[in-house]
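Novice: Line by line, the protein sequences give chains A, B and C.
All residue numbers for the first sequence refer to the working numbering, where the first residue is 157 and numbers rise by one.
All residue numbers for the second sequence refer to the working numbering, where the first residue is 3 and numbers rise by one.
All residue numbers for the third sequence refer to the working numbering, where the first residue is 71 and numbers rise by one.
For every residue, glycine included, the Cβ atom is placed at its ideal position computed from N, Cα and C.
Structure in structure tokens, see below.
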Amino acid sequence: MEDGRIRVTRRDVLRGAGAAALVGAVAAGQEPAAPPAKGLARVGPGAVRVPFTLNGAAAEVSVEPRVTLLDALRDRLDLTGTKRICDHGACGGCTVFLDGKPVNSCLVLAVDVSGREVTTIEGLAKGDDLHPVQAAFVKHDAAMCGFCTPGMVMSCAALLSVTKNPTEEQIRRAVAGNLCRCGTYPHVFAAVREAGGGRGADGGAGEAAR
Amino acid sequence: MSELRLGFPDNERKADVEIPPGTPPPWDLSTDHKVVGREHTRLDAVAKVTGRAKYSYDIRFKDLIYAKFLRSPHAHAKVKRVDLANAKAMKGVLYTESYEGETVRYAGQHVAGVAAESEEILDDALRAIVVEYDVLPCVTTVEEASNEGAPGVIEGRGNLEAGREQGNLKRVQDAHDEADIVVDAEYRTQVQTHSCLETHGSVCRWDGGKLTVWSSTQSTFAVRDGMARTFGIPQSDVTVITEHMGGGFGSKFGPDAWDQFCARAARATQRPCRAMLDRREEHLAGNRPDSIQKCRFSVKKDGTLMGAEVRSQGTSGNATGGANVYNPGIYRFRAAYSKQDTVLTHASSGRAFRAPGHPQGVFALEGMIDELAEAIGMDPLELRRKNDPNPVRLKEYEIGAKEIGWHRRKKSGSDAGPVKRGLGMASARWGHNARPGAEVRCTIGRDGSVILANGSQDIGTGTRTVIGLVGAEELGLGLDDVEVRLGNTNDPYGHGSGGSVTTPSITPPTRAAAFEAKRELLRHVAAAVGGDPDAMDLKDGKVTGAPRELTFKQACGMLAVDQVTALGRMEQKPGGGGHLYPPFTGEVAGVQFAEVEVDTRTGVVRVVKVVAVQDCGLVIDPLTARSQIHGGVIQGISYALFEERILDRRTGDQVNADFLGYKIAGALDMPEIVSIPFSVSQGMTTTGVSSLGEPPTVPTSGAIGNAVANALGVRIRSLPITPAKVLAALGGVR
Amino acid sequence: MKAFAYLTADDFEAASKALAGKGPRAVAKAGGTDLLTLLKSRLLEPDEVVNLSRAKRGAGKGELSALATLAEVAADAWVKENFPAVAKAALEAATPQVRNAGTVGGNLCQHTRCWYFRDASYTCFKRGTGDCSAAPDGAENRYHAIFPHKRCVSAHPSNLAPALIAVGAKVACVHPDGDRTLDAEILYDEGPSGRRSDTILREGELIRAVLLEPSPLAKRSTYVELRERQSFDFALASVAAALDLDGGIVKDVRIVCGGVAPVPYRATAAENLLRGRKLDVEAAARAAVAGATPLSGNGYKVPILGELVRRALTELSS
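Set out below in structure tokens:
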């Protein structure tokens with residue numbers, strides 16, 4: 157930001173590409189009632205075809221603009237690993253990557269992801285090869301009922317993608333938006349410390365080996 | 003006669019026992035386990051971390067439809083008219099129900115129901131329903147509901163449900179008279195909602211006259227029986243499936259109104275239907291009742307506990323009963339008396355919640371114990387040790403005190419601050435809840451495959467893994483060598499996961515099934531290679547005591563039949579029933595120590611460290627046991643500092659029915675937690691395994707409350723301990 | 071959510087045109103993190119949602135795009151160096167997921183978290199459905215304002231607003247009737263009798279960018295907040311403060327509080343007390359809360375706010 161502005165990032169370029177793709181999208185139902193004004197692309201309220209990249213492959217879903225990305229993933233694309241828990245952005249159960257960054261998919265409209273890249277929990281492991289965070293979660297028993305786990309895993313994987321060997325404080329902050337009711341947090345911290353290349357289980361979370 | 007070694011290394015007791023023929027010799031301190039007692043990763047861990055685990059919420063069909071209730075914004079009203087015309091006229095609305103004419107007794111009670119092609123249509127349809135109410139005055143607190151002339155919650159009965167009265171008041175008063183110090187105090191606890199992350203609900207599908215329910219439940223068989231009754235069909239026509247479920251904590255023990263509605267909608271439309279509650283509704287689906295506990299306790303200067311007198315009131319909403327608290331208890335008093343009332347209010351019903359009655363009772367009980375200690379100038383740990391009859395807890399005090407550094411505890415209020423540190427402690431007492439009736443089927447195939455099957459559910463406690471470990475141990479195999487099938491009512495019966503009964507009750511049948519299947523397998527081996535089958539056993543993947551070396555797989559290859567199958571159950575004493583073996587204590591003991599930091603300028607309490615030492619009989623797997631203890635502590639922290647259902651007193655409506663206003667502890671609120679599973683040979687059953695799910699959440703709020711009092715020198719007798727209450731106690735609020 | 075048409079705007083001008091004159095029938099969406107919760111609870115039922123998130127980021131030198139995410143602001147070296155209060159406020163907001171989606175413009179225009187505002191079954195001055203439900207006896211107002219307006223006692227939820235006001239930021243706005251630049255503080259001007267809308271923005275008017283000018287005052291600025299729960303929680307109170315010290319004498323100071331009034335609350339009395347004198351933190355903390363008139367359930371916020379003022383100024387004076 158040496159020139160004193162929030163500069164154009166790769167993400168803006170992606171957004172630009174997305175906008176073009178959206179203009180290309182057509183209402184699956186009837187034509188819009190009014191001709192679009194200059195500088196505006198109008199779709200809906202009927203179903204809209206939304207092309208995007210899902211877990212590395214081209215995908216398309218046809219939904220009304222009011223459908224969230226979360227509901228599109230779960231109820232249209234059968235990707236049910238992403239959980240609907242609070243549906244208001246307070247629990248992190250629906251965390252996915254949008255253009256590589258973790259967001260609450262319950263607070264994103266499916267039409268918003270046109271032309272963009274979405275990664276869900278199903279896209280994190282490569283076949284049977286677990287992501288290091290997943291493997292560490294298994295080892296450290298970081299899932300009890302498991303319902304918060306996919307979102308928790310996504311937040312931790314996002315952390316490790318930008319921070320190698322994170323501190324305990326960084327881990328806690330990374331999952332501060334993911335609620336767990338069973339109380340797996342200390343195991344999550346231990347798992348991420350290990351996956352990040354740090355100390356193993358016998359650290360500050362008090363999991364003294366007994 | 004055999005010798006059973008009970009207890010723990012520092013405190014062992016031997017018992018002469020008769021081992022009934024055909025049953026496995028009971029596990030005790032002599033048993034050299036190969037699998038049990040070691041750390042394993044959960045059988046379903048990979049499914050859970052990859053998102054492949056299918057919960058009821060995740061069950062999908064191409065022709066799935068969606069059902070939901072419309073709910074009343076009023077806490078007390080007559081439903082005068084429900085106009086469904088606009089909703090019914092919508093394309094994609096497939097089924098409706100009206101509850102016109104009914105009386106609403108809590109805000110959020112259902113007044114109409116809709117099933118539709120999509121959730122979006124469903125949302126539109128619910129919005130289009132017009133309901134007319136006769137709104138009536140409501141009462142939402144114990145105090146209001148107890149007022150003379152208060153509106154009644156249930157017609158024809160008062161709001162006060164005089165509850166259980168225990169003990170002899172006269173003897174308690176005598177004890178007070180004899181005591182040196184009598185302390186009076188009133189403690190209060192709040193309403194806590196279960197806040198399961200997977201909300202309540204189910205997916206229902208009819209195939210002809212047969213119903214399949216994918217239910218988010220703690221009791222597949224209770225859902226089966228409830229649905230069979232609802233529809234007047236035989237149990238055999240209902241299958242309930244719960245492969246994975248996202249938390250219950252006591253709130254999911256049978257089909258609820260929405261499940262039954264879902265099944266009716268599915269039947270009417272002949273399409274599979276899903277009804278899962280949203281987050282707002284989830285706060286209606288059960289809660290831990292609140293409490294007001296008026297306590298009068300007394301003590302002698304030498305630390306002898308004398309009288310304990312408790313009068314408690316609490317509300318379980320519009321449910322009659324259920325607001326009892328566990329106070330007094332745990333400690334030996336000269337005499338104790340309690341009277342516990344439930345007060346009806348216009349609020350949603352309480353339900354069992356992880357150790358019902360205990361956290362609220364123990365918060366007050368342990369606060370009182372500390373107040374007595376303070377009054378006679380005795381160390382609170384010393385006072386407890388002096389009056390605690392349980393040998394396990396006496397050992398746990400030692401372990402926990404050392405781990406937290408109890409010697410660092412200062413005189414209450416003496417820390418200089420402004421951020422003051424304090425130490426506190428509290429205990430838990432729970433039953434050894436091994437309950438007969440559950441069955442496990444063990445099948446050993448000719449190819450060496452092993453399947454252990456039970457129809458109950460794993461609510462996140464690790465039941466699936468526990469069954470696998472116990473079966474593997476008995477068969478001399480590893481956890482990876484056995485498959486566990488769980489969560490389908492077409493498999494043998496298992497109890498609801500409540501009262502911490504699951505592990506103590508499912509492990510003996512698992513052992514029995516594996517033992518019986520093993521004996522049958524070895525008879526086949528003996529028939530093939532000779533030798534005495536009764537002298538043979540399975541160990542480390544091999545047959546021992548056979549005329550020649552045989553691996554488990556080779557042995558299975560000798561089966562003269564396709565497979566051997568055995569159904570195991572928890573054996574009871576012949577004739578009179580009851581457990582096969584004597585207990586060590588017959589109860590479960592736990593202690594917790596907490597260290598807190600209180601910022602006296604802002605009132606914010608930070609829990610720095612919790613040490614939890616928890617007995618659970620024989621520890622099956624220390625890793626999952628620690629998870630359970632951690633979980634109990636964390637829910638306890640959340641209860642102590644954050645959670646509170648807030649009802650608007652005018653409307654009875656919960657104003658914080660989400661996850662922002664209803665605050666459960668998150669990652670940044672976590673202290674260092676040291677969970678120490680304390681293994682005790684408890685006897686009673688063939689496994690000696692005891693209860694673990696509930697007790698670890700019992701003492702946490704009491705320990706934190708005592709630590710805060712130690713830090714401040716002022717006691718906050720009301721949960722949750724918020725900045726508002728801390729500042730008020732310190733006199734900083736005008 | 072009610073069904074709506076979705077309009078994607080190439081730029082702010084087109085979006086503003088599309089919104090103007092439509093009242094509640096059209097709403098703007100940037101990150102969507104607040105809007106979607108309101109749509110889901112049907113507090114808003116627009117026919118059209120105008121999506122800004124793909125609009126050209128019209129940020130020039132010294133400007134923060136309204137579409138910059140909170141995460142981007144928190145990580146921006148120029149902001150961190152010259153406007154530390156703004157970077158800290160962005161970093162403390164919500165959760166990592168929300169910070170990746172929520173924008174500067176959205177944070178400034180978000181609606182109050184007042185639970186009566188957010189439930190259509192209650193009357194609400196802000197929603198135009200009647201009197202405030204949070205003020206009368208029996209109301210639950212533990213998280214509400216301690217400097218309430220007589221017609222609304224909600225607490226302003228924004229992290230960024232106090233910080234931007236403290237560093238003297240301006241907002242550049244776009245409207246078909248003419249663009250304008252406003253002091254960030256003016257955005258929330260309540261006028262003599264209170265205002266229903268959250269900002270003074272005209273119908274369809276959009277914040278395009280925040281204008282930041284480095285100054286000694288802005289450079290010595292900070293943001294502190296206090297949460298009941300350390301994980302995701304709206305602050306009980308927050309304080310953004312900026313201080314220009316000249317040889318121990320306060321040349322200029324700004325103290326702006328969040329979560330304590332229906333709009334960001336400028337502690338003018340405390341500022342006046344400090345200006346031109348030697349820094350007296352205790353006196354400022356007392357003056358900042360002197361005019362507080364807490365409600366039935368939130369008196370505890372008064373000492374908390376005083377403490378936050380104390381912390382902010384102490385940090386800046388060292």
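Look at Pro510 (chain B) and Met572 (chain B) and say whether their C-beta atoms are less than 8 Å apart.
Specialist: Yes. Within cutoff.
Novice: Considering only the beta carbon of each residue, do Arg169 (chain C) and Thr139 (chain C) sit closer than 8 Å?
Specialist: Closer than 8 Å, so yes.
Novice: If you measure beta-carbon to beta-carbon, which residues of the segment 156-174 of chain C are closer than 8 Å to chain A?
Specialist: Correct list: Ala164, Thr165, Pro166, Gln167, Val168, Asn170 and Ala171.
Novice: Taking the alpha-carbon of Ala47 (chain B) as reference, which of B:Ile508, B:Arg466, B:Leu66 and B:Val185 has the nearest alpha-carbon?
Specialist: Checking every option, the nearest Cα to that of Ala47 (chain B) belongs to B:Arg466.
Novice: For Val264 (chain A), decide whether its Cβ has a neighbour in chain C, counting only Cβ atoms nearer than 8 Å.
Specialist: By this cut-off, Val264 (chain A) is an interface position.
Novice: Applying a beta-carbon distance threshold of less than 7 Å, which residues of chain C neighbour Leu670 (chain B)?
Specialist: Gln300 and Ser301, listed in chain order.
Novice: Which whole-angstrom value is the C-beta distance of Leu670 (chain B) and Gln300 (chain C), which I expect to be below 8 Å?
Specialist: Correct: roughly 4 Å between the Cβ atoms.
Novice: List the whole-angstrom C-beta distance separating Thr143 (chain B) from Asn289 (chain B), where the pair is believed to meet the contact cut-off of C-beta under 8 Å.
Specialist: Not really, about 14 Å apart at Cβ, beyond 8 Å.
Novice: Could you work out which residues of chain C lie near Ser317 (chain A), taking near to mean beta carbons separated by less than 7 Å?
Specialist: Neighbours of Ser317 (chain A) on chain C: none; closest Cβ ~12 Å, over 7 Å.
Novice: Of all the residues that make up the segment 223-239 of chain C, which are near chain B by a beta-carbon distance shorter than 9 Å?
Specialist: If the cut-off is 9 Å between Cβ atoms, the segment 223-239 of chain C has nothing near chain B.
Novice: For Tyr186 (chain C), does the three-state DSSP call read helix, strand or coil?
Specialist: In this structure, Tyr186 (chain C) counts as coil in the three-state DSSP scheme.
Novice: In three-state DSSP terms, what is Tyr108 (chain B)?
Specialist: The answer is coil: DSSP assigns Tyr108 (chain B) none of H, G, I, E or B.
Novice: Less than 8 Å between the beta carbons of Trp408 (chain B) and Leu385 (chain B), yes or no?
Specialist: The answer is no: Cβ separation not under 8 Å.
Novice: Assuming Leu2 (chain B) is part of the alpha helix (DSSP H), what are its boundary residues?
Specialist: Residue 2 (chain B) is absent from the structure shown; chain B starts at 3 and stops at 736.
Novice: Here's the rule I'm using: 16 or more other beta-carbon atoms within 10 Å means buried, otherwise exposed. How should Lys371 (chain C) be labelled?
Specialist: That one is buried.
Novice: Mind checking who Val168 (chain C) pairs with in its DSSP beta bridge?
Specialist: None; Val168 (chain C) has no bridge partner.
Novice: With a Cβ-Cβ cutoff of 8 Å, do Ala85 (chain C) and Leu122 (chain C) count as a contact?
Specialist: Taking 8 Å as the Cβ cut-off, Ala85 (chain C) and Leu122 (chain C) qualify as a contacting pair.
Novice: Does any residue of chain B have a CB that is nearer than 8 Å to the CB of Leu106 (chain C)?
Specialist: Chain B, which has no Cβ nearer than 8 Å to the Cβ of Leu106 (chain C), makes this no.
Novice: What does the alpha-carbon distance come out to for the pair Val607 (chain B) and Ile718 (chain B)?
Specialist: Taking the straight line from one Cα to the other gives about 12 Å.
Novice: Take Pro154 (chain C) and list the residues in its own chain whose beta-carbon comes closer than 7 Å to its own, dropping the five residues that flank it on each side.
Specialist: Closer than 7 Å at Cβ, skipping near neighbours: Ser291 and Thr292.
Novice: Output the residue ranges of the alpha helix (DSSP H) runs that lie fully inside the segment 277-309 of chain A and measure 4 residues or longer, sorted by chain position.
Specialist: The segment 277-309 of chain A contains these whole alpha helix (DSSP H) runs: 288-295.
Novice: Classify Phe293 (chain A) as buried or exposed, calling it buried when 16 or more other Cβ atoms lie within 10 Å of its own Cβ.
Specialist: Buried, because 16 or more other Cβ atoms sit within 10 Å of the Cβ of Phe293 (chain A).
Novice: Assuming Phe595 (chain B) contacts Gly402 (chain B) (C-beta within less than 8 Å), just tell me the rounded distance between them.
Specialist: Going by Cβ atoms, the distance from Phe595 (chain B) to Gly402 (chain B) rounds to 5 Å, so yes, they are a contact pair.
Novice: With which residues is His219 (chain C) paired in a DSSP beta bridge?
Specialist: DSSP lists C:Cys222 as partners of His219 (chain C).
Novice: Which one of A:Arg272, A:Asp231 and A:Ser261 has the shortest CA to CA distance from Cys242 (chain A)?
Specialist: Answer by Cα proximity: A:Ser261.
Novice: Tell me, to the nearest whole angstrom, how far the beta carbon of Thr306 (chain B) is from that of Thr347 (chain B); I am working on the premise that it is less than 8 Å.
Specialist: Contact flag wrong, Cβ pair sits at about 40 Å.
Novice: Give the C-beta separation of Thr724 (chain B) and Glu298 (chain C) to the nearest angstrom, bearing in mind that I take them to be a contact with Cβ-Cβ under 8 Å.
Specialist: Correct: roughly 6 Å between the Cβ atoms.
Novice: Can you list, in chain order, the residues of its chain with a C-beta nearer than 7 Å to that of Gln220 (chain B)? Leave out the 5 residues immediately preceding and following it.
Specialist: If we look at Gln220 (chain B) and ignore the five residues flanking it on each side, its Cβ neighbours are Gly250, Lys254, Phe255, Gln459, Ile461, Gly498, Ser499 and Gly500.
Novice: So what does DSSP say about Pro258 (chain A), is it helix, strand or coil?
Specialist: Here Pro258 (chain A) sits in strand by DSSP.
Novice: What in chain A is Cβ-close to Val97 (chain C), meaning under 8 Å?
Specialist: Correct list: empty, because the minimum Cβ distance to chain A is about 12 Å.
Novice: With DSSP as the reference, label Leu315 (chain C) as helix, strand or coil.
Specialist: It is a strand residue.
Novice: Just to confirm, are Leu230 (chain C) and Ala159 (chain C) a CB contact at a threshold of 8 Å?
Specialist: For Leu230 (chain C) and Ala159 (chain C), yes; Cβs fall inside 8 Å.
Novice: Evaluate Phe223 (chain B) with the Cβ neighbour count: other Cβ atoms within 10 Å of its Cβ, from every protein chain shown; 16 or more gives buried, anything less gives exposed.
Specialist: When all chains shown are included, Phe223 (chain B) counts as buried.
Novice: For Leu271 (chain C) and Ala49 (chain B), what's the separation of their Cα atoms in angstroms?
Specialist: Straight-line Cα distance between these residues: approximately 50 Å.
Novice: May I ask you to report which of helix, strand or coil DSSP gives Ser640 (chain B)?
Specialist: DSSP places Ser640 (chain B) in helix when its eight states are reduced to three.
Novice: For Phe299 (chain B), which of helix, strand or coil comes out of DSSP?
Specialist: Reduced to three states, the DSSP call for Phe299 (chain B) is strand.
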